[in-house]
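J.:
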Amino acid sequence: MSNETSFSRRGLFMKLGILFNGLVATAIAVPVVRFLLSSITRGRANAYLAWVPLGSVSAFPEGETRLATFRNPNVMPTDGKTVNTACWVRRVVGDQFQVFAVNCAHLGCPVRWFPQSGLFMCPCHGGAYYRDGSRASGPPERGLFEYPYKVQDGLVTIQAGELPTPGSPTASLIGRKPPCAA
Amino acid sequence: MRRLIAKVGEWFDRRLQLAAPIREAAEHPVPRDTASWWYVFGSAALTVFLLQLVTGILLALIYVPSASEAWSSLQALNHDVALGWFIRAMHGWGSNFMVAIVLIHMVQVFLFGAYKFPRELTWIVGVFLLLMTLGMAFSGQVLRFDQDAYWGLGIGASIASRVPIAGPVIVKLMLGGPIIAGATLSRFFALHVFVIPGMLIGFVCLHLLMVLKLGINEWPTPGRLVKRATYTGEYHELTKKDGAPFVPYAAWKDLFFAAFILLAVATCALYFGPFGPTGRPDPTIIQTAPKPDYFFLWLYALLSLLPPSMETPALLIGPVIVIAVLVLLPFLSGEGEKSWRRRPIAVLTVLLIAVSLGTLTHLSGYTPWSPHMNAWSGDPVPAKFLHGTTALQRQGALVFQAKQCRNCHSLGESGGQRGPALDSVAARLTQDQLIRQVIQGGGNMPAYGNNLNPAETTALVAFLETLHPTGQTPARDAALTEAQAEGQDKDQDKEKSASVQ
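Residue numbers (my numbering), protein chains in the order written: chain A, 1 to 182; chain B, 1001 to 1501.
(1) Which residues bound the beta strand (DSSP E) around W51/A?
(2) For Q1401/B, which residues in the same chain have their Cβ closer than 8 Å to its Cβ, ignoring the five residues on either side in sequence?
(3) If we call anything under 8 Å between Cβ atoms a contact, is I1062/B one with S1073/B?
(4) For E162/A, go through chain B and note every residue whose CB falls closer than 8 Å to its CB, in chain order.
(5) Taking only beta carbons into account, state which residues of the segment 1282-1294 of chain B come closer than 9 Å to chain A, listed in chain order.
(6) What runs of the beta strand (DSSP E), each 3 residues or longer, lie entirely inside the segment 1039-1091 of chain B?
(7) Can you find a C-beta in chain B that's less than 8 Å from the C-beta of E186/A?
(8) Quick check on L1225/B: does DSSP put it in helix, strand or coil?
(9) Which same chain residues end up closer than 8 Å to E1120/B when comparing Cβ atoms and leaving out the 5 residues on each side of it in sequence?
(10) Note the first and the last residue of the continuous beta strand (DSSP E) segment covering S137/A.
(11) Given a threshold of 16 other Cβ atoms within 10 Å of its Cβ, counted over all protein chains shown, does W1252/B qualify as buried or as exposed?
(12) Give me whichever residues DSSP pairs with I158/A in a beta bridge.
(13) So P1029/B and T1239/B are supposed to be a Cβ contact under 8 Å. How far apart are they, rounded?
(14) How long is the line joining the alpha carbons of G1056/B and L1130/B, rounded to whole angstroms?
(15) Taking 8 Å as the CB-CB limit, is R48/A close to chain B?
(16) Give me the Cβ distance between A1266/B and M1090/B, rounded to the nearest whole Å; I'm assuming they're in contact under 8 Å.
(17) Flag this pair as touching only if the segment 1013-1027 of chain B and the segment 1241-1249 of chain B have three or more C-beta atom pairs under 8 Å; answer yes or no.
(18) Looking at the unbroken beta strand (DSSP E) that takes in G1243/B, where does it start and where does it end?
(19) When DSSP labels each residue in this structure, what does Q98/A get in the three-state scheme?
(20) When you compare only the Cα positions, how much space is there between G161/A and I1317/B?
(21) Residues in the same chain with beta-carbon distance under 8 Å from E1456/B, minus the five sequence neighbours each way, listed in chain order, please.
(22) Give the single residue among G1092/B, I1321/B, Y1300/B and R1342/B whose Cα lies nearest to the Cα of A1362/B.
(23) Tell me whether K1484/B is buried or exposed, calling it buried when 16 or more other Cβ atoms sit within 10 Å of its Cβ.
(24) Grab me the residues of L1392/B's own chain with a C-beta within less than 6 Å of its C-beta, minus the 5 sequence neighbours each way, in chain order.
(25) Is DSSP giving G1336/B helix, strand or coil here?
(26) So what does DSSP say about F13/A, is it helix, strand or coil?
(27) Quick one: give me the first and last residue of the alpha helix (DSSP H) that T1457/B is part of.
(28) Compare the C-beta of T82/A with all C-beta atoms of chain B and state if any pair is closer than 8 Å.
(29) Counting only beta-carbon atoms, is A59/A nearer than 8 Å to chain B?
In structure tokens:
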């Protein structure tokens, strides 16, 4: 009988020990999980959605499409060249622009502009787009992603900062009509 | 001297007490016919894994997992550090060999029915080992932080983003931020160097433990069926009656094959050298056609050939189905026939998968679905197509090149293969059909109506109409021919009646 009592008391301590460890583990898990999810929570602040300049309006002749580069507003010290991004700028007329992400709407490979045939072509799986970014042929299910832009003090600026990908709301956010277009 | 070694050994074993269990494990009896060259792939996979561990640690002595330094540190390994190129080549070729050997091991286990009772869990752990091996192959390609790695990550993100609802969150978790940058490389480094290898080591131990506890699968004899109730007894009977100690009876073949594989990896490394790195991971350099490493080429081909509407379901549901089938396999056919001689569907399945993967990999070697970006300026129009042509037709040939039709259509076997070859297009399409196709596009061809003026269209179609085999008349609209003939008859009648009058 006395044996059983001592067993159950040790059993109780054992259970309390497990409970105590569980509580401590949960307490430690909170900051760990928050650390692991920081790339999402940081995004909520939208700090990277700042407006970045691409160059003066005069650098983009009317009716032509030119490659421009910009530096991502969200930079970490170890990023190297990866924060430099390219985009295709089409000056339709006057202050009316279209700024396309280079990433193909299929799987994100860099598309190239061919002024002679008026097409963007993707080297990976053969997607093709017309000069206004709409889908021409191949596997993409939509047109090129567009960055919102505005023309300020003779400068073309865009709101970039996020890798455009198909199927994500981000893409539709980027693809929406620029607030001050035309 | 011997006595001294024996004494030292005794001293250690007194404390470790490992000699007896090790001897027992080494000398456990295995069925005599499993001492076969077919049974060496598991140990070969383990050997290459150990090689990857060692070469990986060696590379980590120099490699810097930072987006700004990784590429330069790989260049230093290739060119500045003595034999750095060789260690990189061993690690790269080791990775290819490991995926190949793991797949061969899996096919052998499947065809020999070794996944059946009581080795179901060994198989399932093996499935996870395969997935981890593929995870190591992909994350390893990312660590070779070059253009292919950068755009490959973009492809991974594009695929992940298609997951309903959670897509954007998964992309940010995968990239470690809103774009592919320093944080992306760092987390793939953590995965490749700590997380996946740690899990691999654990799962390999589990896999081996079960092989020891449950015994090596006996050579499958047609007609000897597996039954849950009797199998274990039968297996013990077999090892007792016709068994032999694993060491040295079967192990010498494992040893020989392991050495052979290591030699093969080293030979490939010496002869072919390391993989890349290709161009700097600078996203502003867009003149690149990224391609995945060898073992993902089939996927690259599949993504070009699937109809667009099928792609997202195939990408998201396909892997789930494949993994579910692999995991459930030992539960669906845990008993019965083991021999591949009596399992035709199993053999056909393996052949079908192998042929499909092989074909897709072969296709991705010359990517017929991609436009040839330089064909319009690089490939001349073969002289035979210009011989005896009119000025208008020659003008059309110029339009054909200048408007980059050549990037997707070949002439005389050179040019893109995205669209059909045009060597005999006039035999297939009438003039009206050619004009319609050029202006409106369709059937996966862009419309050129906005990009060609009427004069260019006329010239282009005039050139295309000359493209038919000698001796074969170009396609003509039968109705039009008839109408024209009727018109001619009427004209002749009019002429006749006029002359009569």
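For each residue, glycine too, the CB sits at the ideal point set by N, CA and C.
T.: So, from the listed chains and residues:
(1) The residue labelled residue 51/A in the question sits at position 51 within the first sequence. Start and end: W51 to S56.
(2) The count along the second sequence starts at 1 and reaches residue 1401/B at position 401. Cβ within range, chain order: W1376, S1377 and V1381.
(3) Position 62 of the second sequence, counting from 1, holds the residue named residue 1062/B. Position 73 of the second sequence, counting from 1, holds the residue named residue 1073/B. Contact flag set, yes.
(4) Position 162 of the first sequence, counted from the start, is the residue given in the question as residue 162/A. Chain B residues near E162/A: P1178 and I1179.
(5) So the close ones are D1282, P1283, T1284, I1285, I1286, Q1287, T1288, A1289, P1290 and K1291.
(6) none
(7) One cannot answer for residue 186/A here, as it falls past the ends of chain A, which runs 1 to 182.
(8) What you label residue 1225/B is simply residue 225 of the second sequence in a count that begins at 1. If DSSP states are grouped into helix, strand and coil, L1225/B belongs with coil.
(9) Translated into positions along the second sequence, residue 1120/B becomes position 120. Excluding the 5 residues flanking it on each side, E1120/B has same chain C-beta neighbours closer than 8 Å at P1330, F1331 and G1334, in chain order.
(10) As a first step, residue 137/A must be located in the first sequence, where it is residue number 137. S137/A -> beta strand (DSSP E) spans R135 to S137.
(11) One-based indexing of the second sequence puts residue 1252/B at position 252. So W1252/B counts as exposed.
(12) Taking the first sequence and counting its residues from 1, the one referred to as residue 158/A is at position 158. Per DSSP, V52/A and Y149/A.
(13) As a first step, residue 1029/B must be located in the second sequence, where it is residue number 29. As a first step, residue 1239/B must be located in the second sequence, where it is residue number 239. Their Cβ separation, rounded to whole angstroms, is 4 Å, which keeps P1029/B and T1239/B in contact under 8 Å.
(14) On the second sequence, residue 1056/B is found 56 positions in, with the first residue counted as 1. On the second sequence, residue 1130/B is found 130 positions in, with the first residue counted as 1. The alpha-carbon atoms of G1056/B and L1130/B are separated by roughly 19 Å.
(15) Residue numbering aside, residue 48/A sits at position 48 when the first sequence is read from its first letter. A small fix is needed here, since residue 48/A is Tyr in this sequence, not Arg. Chain B, which has a Cβ nearer than 8 Å to the Cβ of Y48/A, makes this yes.
(16) The residue given as residue 1266/B occupies position 266 in the second sequence. The residue given as residue 1090/B occupies position 90 in the second sequence. Going by Cβ atoms, the distance from A1266/B to M1090/B rounds to 7 Å, so yes, they are a contact pair.
(17) yes
(18) Residue mapping note: residue 1243/B aligns to position 243 of the second sequence, counting from 1. Residues G1243 to P1245.
(19) Counting from one through the first sequence, the residue named residue 98/A turns up at place 98. Per DSSP, reduced to three states, the secondary structure at Q98/A is strand.
(20) Counting from 1 along the first sequence, the entry for residue 161/A is found at position 161. Counting from 1 along the second sequence, the entry for residue 1317/B is found at position 317. Straight-line Cα distance between these residues: approximately 30 Å.
(21) Along the second sequence, read from residue 1 onward, the residue named residue 1456/B stands at position 456. Contacts found: V1399 and K1403.
(22) Within the second sequence, the letter at position 362 stands for residue 1362/B. The identity of residue 1362/B in the sequence shown is His, whereas the question assumes Ala. Closest option to H1362/B, judged by alpha-carbon separation, among G1092/B, I1321/B, Y1300/B and R1342/B: Y1300/B.
(23) The residue labelled residue 1484/B in the question sits at position 484 within the second sequence. With the sequence shown as reference, residue 1484/B is identified as Gln, and Lys is not the correct amino acid for it. Exposed is the call here.
(24) Numbered from its first residue, the second sequence carries residue 1392/B at position 392. Around L1392/B: A1459 and A1462.
(25) One-based indexing of the second sequence puts residue 1336/B at position 336. Reduced to three states, the DSSP call for G1336/B is strand.
(26) For the purposes of this step, residue 13/A is identified with residue 13 of the first sequence, where counting begins at 1. DSSP places F13/A in the helix class (H, G or I) of the three-state scheme.
(27) The count along the second sequence starts at 1 and reaches residue 1457/B at position 457. First-last of the alpha helix (DSSP H) with T1457/B: P1454 to L1464.
(28) In the first sequence, residue 82/A corresponds to position 82, counting from 1. Yes, T82/A lies at the interface with chain B (some Cβ there is under 8 Å from its Cβ).
(29) As a position in the first sequence, residue 59/A is number 59, starting the count at 1. Judged by the 8 Å Cβ criterion, A59/A is not in contact with chain B.
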